[in-house]
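**Q** Here you go, one structure.
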Amino acid sequence: MTHHLSRRRFLSATGGLVVAGSSSVLASDKERLDVVDCHTHFYDPTRPGGIPWPRKGSSLFRTVLPKHLRALEHARKVTGTVIIEASNRLEDNQWLLDIAKDDPFVLGVVGHLDPGKPGFAKHVKRFARNRLFRGIRVGEGLVANRLKTDSLGVFKVLQDHDLGLDVNGGPVTPLVVSRLAARMPGLRLLQNHMGNVAITKARPPRDWVANIRAASRHKNVFCKVSAMVEGASRGGGKAPTDVAFYKPYLDVVWDAFGDDRLIYGSDWPVSERAASYKEQQQIVLDYVSDRGATALQQFFSLNSKRAYRWREREGRIRS
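Numbered according to our numbering, the sequence shown spans residues 4 to 322.
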C-alpha cells in the first residue's frame, strides 16, 4: 500500500509553505505543540521489596522514571505525562505521587485500587486529596461483573471525587464500557489501547468495530490511541512503522469518536518491545497531522485535559 505524503512531511519538505485553502499547519507549530503522553509506566526494582511487575528477567526489568522518558528520541518532544500505575501494592500509588510532587512534567497519576477490597472508598478519599491523583484503572472483567450484579456504587465513589476510570481489556471491552457509560453518564471513562485489537493486514474485525462504535455513542467515554505497535506485533518481532498499515484501524476510531475524544498514549516502556518511542509516536503524528492543527492540539493534549482534568503545573517546560 502506498503511503501518501502527510501534511507534516510535506511542510517539512517545503520549508513550511502552506498551500492556499488548505488547513494551516505551519512549520512553527512544531515548536508550539504540547504533547502529553497519557499512558506511561514507571517503576524501580531497586526499591526495598522490589516490584511486582515487570518480572525479573524481562527486558523491561530496570529502573524506569520520567527522566528516562524525557531522554528518549521523540518525533515531537513530549512535554508531560499521565502515569498509569501497574503495581497492585497500595503504597505504590503514593510512591508515584511522591515522584510527581517535585516533577512538573507529571500531570497526573492513574492509580491501582481494587474496588472489591475492604477500604476502597477510604483509599479513594485519601489519594483524591492529592490533585495529581486523577483516577484508577481496572480490568474489563471487573466492570462486567459489577454490571451483572448491579453493584456500581464503587464507581460512584470515583465520580463523587471527580476521578476518571480507565478500563483495560480485549476487543469486547468497548462494549462493556458502553454499558457502564449508559448507567453512569456522569463518570468519565477512558477506554485503554483501543480495546487491544490485533492489528493486521486484514480488515478490522466486525465485532471490534461495532464495540468501538457502541462506546463512542456515550459522550463521557474517551479512547486512548495507545499500544498500537503491540497490537501489530502479536507474533513477536518489530511492528510495521508505516502509517498506512494502521490507517484502517485508526479510521475506525476517528470515525467513531471524532477529533475531540481521542487521546495520545504510548504504553511506554512496554511499547519498546515492538517499536522505538519515536517510531510509535511518528505513526499517530503522521495520521493526525493530516487532520490539521486543531486536531493535533486536541489529540496530543487538550482532550486529555478534559478527560483527566489535569491542571497546568508551574515549571513545566512546553515546546
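Cβ atoms here follow ideal geometry from the backbone N, Cα and C, with glycine treated the same way. Bear in mind the structure is a predicted one, so any value in this text is a computation, not a measurement.
Would you kindly check if the distance between the Cβ of SER269 and the Cβ of THR43 is under 8 Å?
**A** It is a contact, given that the beta carbons lie within the stated cut-off.
**Q** Hey, out of SER154, THR203, ASN199, whose CA is closest to LEU183's CA?
**A** Looking at the Cα atoms, SER154 is the closest of the given residues.
**Q** What do you get for THR66, buried or exposed, if any count of 16 or more other CB atoms within 10 angstroms of its CB means buried?
**A** THR66 comes out exposed.
**Q** Have a look at the DSSP bridge pairing and note the partners of TRP271.
**A** Answer is THR43.
**Q** For the alpha helix (DSSP H) that contains VAL179, what are its first and last residues?
**A** Its alpha helix (DSSP H) spans residues 176-186.
**Q** Can you tell me the Cβ-Cβ gap for PHE45 and LEU99, rounded? I've got them flagged as a contact below 8 Å.
**A** The Cβ separation is near 7 Å, so the contact holds.
**Q** For ILE266, which three-state DSSP category applies?
**A** DSSP places ILE266 in strand when its eight states are reduced to three.
**Q** Short of 7 Å in beta carbon distance, which residues of its chain neighbour HIS71, apart from the five on each side in sequence? Order them along the chain.
**A** The answer is none, since no qualifying residue turns up.
**Q** Can you tell me whether ASN96 is buried or exposed? The criterion is at least 16 other CB atoms within 10 Å of its CB, across all chains shown.
**A** The residue in question, ASN96, is buried, as its Cβ has 16 or more Cβ neighbours within 10 Å.
**Q** I'd like to confirm the pairing. Which residues does DSSP put opposite ASP169 in its beta bridges?
**A** Answer by DSSP bridge pairing, in chain order: ARG140, LEU193.
**Q** Note down the Cα distance separating GLY83 from ARG276, rounded to an integer number of angstroms.
**A** Each residue's alpha carbon lies about 22 Å from the other.
**Q** Relative to the alpha-carbon of GLY234, which residue among THR297, LEU192, PRO174, CYS226 has its alpha-carbon at the smallest distance?
**A** Ranking the options by Cα distance to GLY234, first place goes to PRO174.
**Q** Contact criterion: CB-CB distance below 8 Å. Does THR203 meet it with respect to chain D?
**A** Looking for chain D here will not work: only one protein chain is present.
**Q** Which two residues bound the contiguous alpha helix (DSSP H) that contains LEU299?
**A** Here the alpha helix (DSSP H) through LEU299 covers 296-300.
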